[in-house]
Structures are given as C-alpha cells and as structure tokens.
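With UniProt numbering, letter number 58 in the sequence shown gets 58, and the count goes up by one each step, no holes.
A virtual CB, placed ideally from N, CA and C, is assigned to each residue, including glycine.
The model shown is predicted, which means the values in this text are computed figures rather than measured ones.
As structure tokens, the structure follows; a few thoughts come after it.
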Amino acid sequence: APAPAPAQPAVHTCKSRPLDLVFIIDSSRSVRVEEFEKVKIFLSKMIDTLDIGERATRVAVLNYASTVNIEFPLRTYFDKASVKEAVSRIEPLSAGTMTGLAIQTAMEEVFAEEAGARPASLNIPKVAIIVTDGHPQDQVQEIADRAQASGIEIYAVGVGRADIQSLRLMASEPLDEHVSYVETYDVIGKLTSKFKETFCDVDMCALGTHDCEQVCVSTDGSYTCDCYEGFTLNPDRKSCSRVDVCGLGTHDCEQLCVNADGSFRCDCYEGYTLNPDRKTCSRVDVCALGTHDCEQLCVNANGSFRCDCYEGYTLNPDKKTCSRPNICALGTHDCQQICLNIDGSYGCDCYEGYTLNPDRKTCSRVDVCAQGSHDCQQVCVNTDGSYSCDCYEGFTLNPDKKTCSRVTSSSLLTTEESCKCEALITFQNTITSFLETLSTKLDEMSDKLQTYQYGQELV
C-alpha cells in the first residue's frame, strides 16, 4: 500500500500582535537564585510565543531590586534566538524592591524612541509585564498612572508573597485581565498560554484573503500592505512600484544615475569611466589602456581614440597603419631634374653628365674635361656629360680614341678616295720627277752664278 501523504501543517490564523514589550523582573533578595532561573525560563517561553522582529514585536528586559538595570533595550535584538540568549545571561541584583523606580525607568528610558520604541504615529502598543514576589518599597500608584497616561499598558504578575494590593495599583484596567497571581515560581510557566491568548491577533495575512501584491502585515484584526525593499506602495495601498531613486534627485552621481533594486548606482557617459568613489567620472585614456591598434601614434579623442603617424609618415586608408609619403609622386617638390624620396621627405639629383648646384635643386652640365679625370693624350672635348678625345692640327686620333699620331704625306694621300689611288700615285711620281729635274737645274745655275761672281772678283 502506498505510504500515507505527510500531514499538511495547519495554517495559524492567530499570531502575536506587533508590540513594544518590556519585561520588568524583580530580582531582590527575596527571590532565590533557583527561583530567578525559573523567571528566566518563563521569559524564554513567552518569547517563543511572540513574533520577534524589527517590524513585529520588539523586546526589552529591565531588571530591578533597590537599583534598576536595563539588560537590553528595544533596539538591540530582532530575532528570538538573540533575545533568548541575552535573557539567559541575566544575573539577579539581590537587594531591595524599588518597583516604582523600575516603572519610571521603563517609561522614561526604555520606551523612548532613541532606545528603540516606535513612534506613536505607528500605533504599536506599548506593553510592560511586571513580575514580582514582594512588597514595593516605594510608591507605585502615581508613577503607574503616569505610565498608563503616556500610553503604556501594564500587566502585573505576583508570585508567592507578592502584595496583591500593590499589583492592583500598578496594573491597567480592567484589573481581572491585567493582574495575575501564582503560588510559586514553579507554576509561573502556566501564565504563558494566558499571555499568548492576550497578545493573539487574527492573522488576516495567514488567511490568504488579503490582496497585497508583495507584503501583508497583520494589524489588530486587520492588515496593511507593504512592499519589498526597493519598492514603494502605490496610492491604491495594495500594489507596489519600484522606487525611482534617480528620479527623486537625491543621488550624488556626477553624470548618470541608474536605478538598481530600490537603490541606485552611478555610471558615466561614453568615453568616461567611474572613479573609485563610485560617483564621479574621468575621461577614459583609451591610448593608455593599450587596447588600440594604431601602428605608430594613438591620440585620445572624446573617450575614444584616433591613430596618427610620426613625422615623415602618412596615415593609410585603414586609419591604423602608416607609410612614408611619396612626395616626389605628389609633384610638390622643386627639383629641376630628378626627385628622390628620403625618409618621408625628398632630395634632388641630376641626370648623368650633370651635377647638383649648391641650391640643391638645379643642375649644371658636368665639365669632365676640366675635372682632369679624362685620359685624352692631347685634346678633351665635353659631350653631354661625357667627353671625347681629339688631336692637335697635324696629328690624327689613333684607334684607341685616346692617343694621337703625327700626320705624314703618305698618310694624307691615303686618306683620299681609294678609286683615285693610282692616278694620285702617277701624279705623285710625275711631280717628284719634275722636282728632281728642277733641283738639278737649280744646282747648275747656282754653280754658274758662283763662277761668275768669282770671276768678277778677280777683275
């Protein structure tokens, strides 16, 4: 057979109302140590019946004898475990019984807002439970009346030898609901159920009939709606909207405010980064981050960056890499003959046979002959940046185009056209013969002349 389904927990429609609850406990010499421990057990059981919390019931404990000691105020603990642990550490004072002083201290100090009591506007009941086994050694009626007039509801619990009349003087009306008595501390625990019923309130939230969107808070026989942190209750008192903290204008962000779960965080415009104070912004130094892809220079520009190049370089169309500019190709140079690209700039040069002038722009023809570097034997002739050799008159250039030889008559003749060579030779021979004949005749005439001159001298 299948296992029976586990029993479903009962829905508790009764829960303790939110209270500001102060226990005022007598630890005078009449209360023995073991009896005081039973009082602490009673307090712990009472705490178990309460809904402890910052928005629920807050608890304080005031310990008194001839003096008063505030063990912990209402603002200290907001969970059962912490309250019970604090109760377990309480030690008895073991002296007189100044109940009136204890009530006055509770009214003036423990139920004060600075001690954790909630303001009257919230309508949270203020309740004091006094546990005593003796007769007050001071006046209680007047101070109890003042406390009740200030809005404090007083419950008086007497044990053993407690003075019933004093209990009635300090308790609130109706007395049959606010005065309790037990014979010994051994049975004080039975009062726990009585107070549980007294502080019980129908938990309208637990009934599930409420229409709160987020949080239901039980009140005296009714309920109110509330919202999670970061939300605010709408005018319909049921639904919730996220709190627009940025819209309230109470933030301290320098540039951008971003709502975040009922709070806010600061942010910055594009190109800025949030400073460590999480409020102000500084321009992003993208170049310093090293995430750019510029080949040479990175220049920050309004939270972004652009690439640039070293002097003598120009940015390529990819806007990242750089190239040396071809200034010569741009045509902006002033070279007369040749332009040479040099490290992002340019220099001028000249064609062969020319040399660059001192202005480093224009060119002049090279005077090779004047430089003395030629190897002509006789005459050097400049020719378009170079040179050729020639010879003096009466000399002819040899086949090596450098040296010269003296011109002879035969060499002169041989320079004539080859077709007239024989006629020239014949003419040459005729002339030679004629000259020889002429020379002979001249010699004969010279001899005759000399003979004639000699004869004249003899006469």
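Are there 16 or more other CB atoms within 10 angstroms of the CB of residue i, so buried, or fewer, so exposed?
{"i": "Gln165", "result": "exposed"}
{"i": "Met98", "result": "buried"}
{"i": "Pro2", "result": "Reliability fails at Pro2, whose pLDDT of 41 lies under 50, so the model's placement of it is uncertain and the value that follows must be treated cautiously. It counts as exposed."}
{"i": "Ile103", "result": "buried"}
{"i": "Asn52", "result": "According to the sequence displayed, residue 52 carries Ile and not Asn. Buried, since its Cβ has 16 or more Cβ neighbours within 10 Å."}
{"i": "Val179", "result": "buried"}
{"i": "Ser446", "result": "exposed"}
{"i": "Asn234", "result": "exposed"}
{"i": "Phe23", "result": "buried"}
{"i": "Phe42", "result": "buried"}
{"i": "Thr57", "result": "buried"}
{"i": "His12", "result": "Per-residue confidence for His12 stands at a pLDDT of 47, beneath the threshold of 50, marking its modelled position as unreliable; the derived number appears in the next sentence. Classification of His12: exposed, given that the 10 Å Cβ count is below 16."}
{"i": "Ser121", "result": "exposed"}
{"i": "Val33", "result": "exposed"}
{"i": "Leu435", "result": "exposed"}
{"i": "Ala329", "result": "exposed"}
{"i": "Gly247", "result": "exposed"}
How big is the Cα-Cα spacing for residue i and residue j?
{"i": "Thr414", "j": "Val368", "result": "Unreliable positioning characterises Thr414 in this predicted model, as indicated by a pLDDT of 49, which lies under 50. A coordinate reading is not provided."}
{"i": "Leu50", "j": "Glu197", "result": "11 Å"}
{"i": "Val83", "j": "Arg265", "result": "36 Å"}
{"i": "Asp133", "j": "Asp226", "result": "43 Å"}
{"i": "Asn357", "j": "Asp293", "result": "45 Å"}
{"i": "Tyr310", "j": "Gly372", "result": "46 Å"}
{"i": "Lys238", "j": "His210", "result": "9 Å"}
{"i": "Leu167", "j": "Val87", "result": "24 Å"}
{"i": "Thr408", "j": "Ile342", "result": "59 Å"}
{"i": "Thr396", "j": "Ile338", "result": "39 Å"}
{"i": "Gly353", "j": "Ile327", "result": "25 Å"}
{"i": "Ala7", "j": "Val31", "result": "For Ala7, the pLDDT reaches just 39, beneath the cut-off of 50, and the residue's location in the model is therefore unreliable, although a value from the coordinates is still provided. One C-alpha to the other measures close to 45 Å."}
{"i": "Ala10", "j": "Cys205", "result": "The predicted model places Ala10 with a pLDDT of 40, which falls under 50 and marks its position as unreliable, so this point remains unresolved."}
{"i": "Asn275", "j": "Gly262", "result": "23 Å"}
{"i": "Ala171", "j": "Gln148", "result": "9 Å"}
{"i": "Lys320", "j": "Thr291", "result": "13 Å"}
{"i": "Leu340", "j": "Ala370", "result": "28 Å"}
{"i": "Ala301", "j": "Asn316", "result": "19 Å"}
{"i": "Ala106", "j": "Ala260", "result": "42 Å"}
{"i": "Thr362", "j": "Cys376", "result": "30 Å"}
{"i": "Pro360", "j": "Cys350", "result": "Just to set this straight, residue 360 is Arg in the shown sequence, not Pro. If I take the Cα positions, the gap works out to 10 Å."}
{"i": "Ser433", "j": "Val381", "result": "43 Å"}
{"i": "His374", "j": "Tyr392", "result": "17 Å"}
{"i": "residue 464", "j": "Asp400", "result": "There is simply no residue 464 to check, as the chain begins at 1 and stops at 459 in what is shown."}
{"i": "Asn398", "j": "Asn429", "result": "29 Å"}
{"i": "Thr192", "j": "Tyr181", "result": "13 Å"}
{"i": "Asp236", "j": "Glu229", "result": "18 Å"}
{"i": "Thr280", "j": "Glu91", "result": "53 Å"}
{"i": "Val215", "j": "Arg29", "result": "48 Å"}
{"i": "Tyr313", "j": "Glu254", "result": "41 Å"}
{"i": "Ser345", "j": "Arg365", "result": "26 Å"}
{"i": "Gly394", "j": "His333", "result": "52 Å"}
{"i": "Asp318", "j": "Glu270", "result": "24 Å"}
{"i": "Cys257", "j": "Val299", "result": "29 Å"}
{"i": "Gly249", "j": "Glu54", "result": "29 Å"}
{"i": "Asp26", "j": "Asp244", "result": "51 Å"}
What span of residues does the alpha helix (DSSP H) with residue i cover, start to end?
{"i": "Thr47", "result": "Per the sequence shown, the amino acid found at residue 47 is Ile instead of Thr. Segment Val33 to Asp48, the alpha helix (DSSP H) holding Ile47."}
{"i": "Ser82", "result": "Lys80 to Ser88"}
{"i": "Leu397", "result": "Unbroken run through Leu397 is the beta strand (DSSP E), Phe395 to Leu397; no alpha helix (DSSP H)."}
{"i": "Thr381", "result": "Just to set this straight, residue 381 is Val in the shown sequence, not Thr. Here Val381 belongs to no alpha helix (DSSP H); instead the beta strand (DSSP E) covers Val379 to Thr383."}
{"i": "Val245", "result": "Val245 to Leu248"}
From which residue to which residue does the beta strand (DSSP E) around residue i run?
{"i": "Asp20", "result": "Asp20 to Asp26"}
{"i": "Gly372", "result": "No beta strand (DSSP E) contains Gly372, which DSSP labels as neither H nor E."}
{"i": "Asp267", "result": "Ser263 to Asp267"}
{"i": "Ala260", "result": "Leu256 to Ala260"}
{"i": "Ile152", "result": "Ile152 to Val159"}
{"i": "Ser405", "result": "Cys404 to Arg406"}
{"i": "Thr76", "result": "Note, Thr76: premise wrong, no beta strand (DSSP E); not H, not E."}
{"i": "residue 480", "result": "Residue coverage of the chain in this structure runs from 1 to 459, which leaves residue 480 outside it and unanswerable."}
{"i": "Arg283", "result": "Cys281 to Arg283"}
{"i": "Cys391", "result": "That residue, Cys391, is in no beta strand (DSSP E); it is neither H nor E in DSSP."}
{"i": "Thr232", "result": "Phe231 to Leu233"}
{"i": "Tyr228", "result": "Tyr228 -> no beta strand (DSSP E), and no H or E assigned at all."}
{"i": "Thr67", "result": "Premise fails: Thr67 is in no beta strand (DSSP E) and is neither H nor E."}
{"i": "Thr362", "result": "Note, Thr362: premise wrong, no beta strand (DSSP E); not H, not E."}
Cβ of residue i less than 8 Å from any chain D Cβ?
{"i": "Ala144", "result": "Absent from the structure is chain D; it holds one protein chain and no more."}
**Study point:** Inter-stretch contact at 8 Å, needing at least 3 Cβ pairs: the stretch 153-161 / the stretch 118-137
**Key:** yes
Check your understanding: Which parts of the stretch 163-216 are runs of the beta strand (DSSP E), unbroken and 3 residues or longer, counting only runs that do not cross its ends?
Key -> 179-182 and 200-202
Practice item. Assess, as a yes-or-no matter, whether the stretch 130-137 is touched by the stretch 70-87 under the definition of 3 or more beta carbon pairs within less than 8 Å. Key: no
Practice item. Could you tell me which uninterrupted beta strand (DSSP E) segments, each at least 3 residues in length, are contained entirely in the stretch 290-351, listed from first to last along the chain? Key: 297-301, 304-308, 338-342 and 345-349
Check your understanding: Are the stretch 272-288 and the stretch 303-313 touching, with three or more C-beta to C-beta distances below 8 Å?
Key -> yes
**Study point:** In chain order, each beta strand (DSSP E) run of at least 3 residues that lies wholly inside the stretch 93-147
**Key:** 126-132
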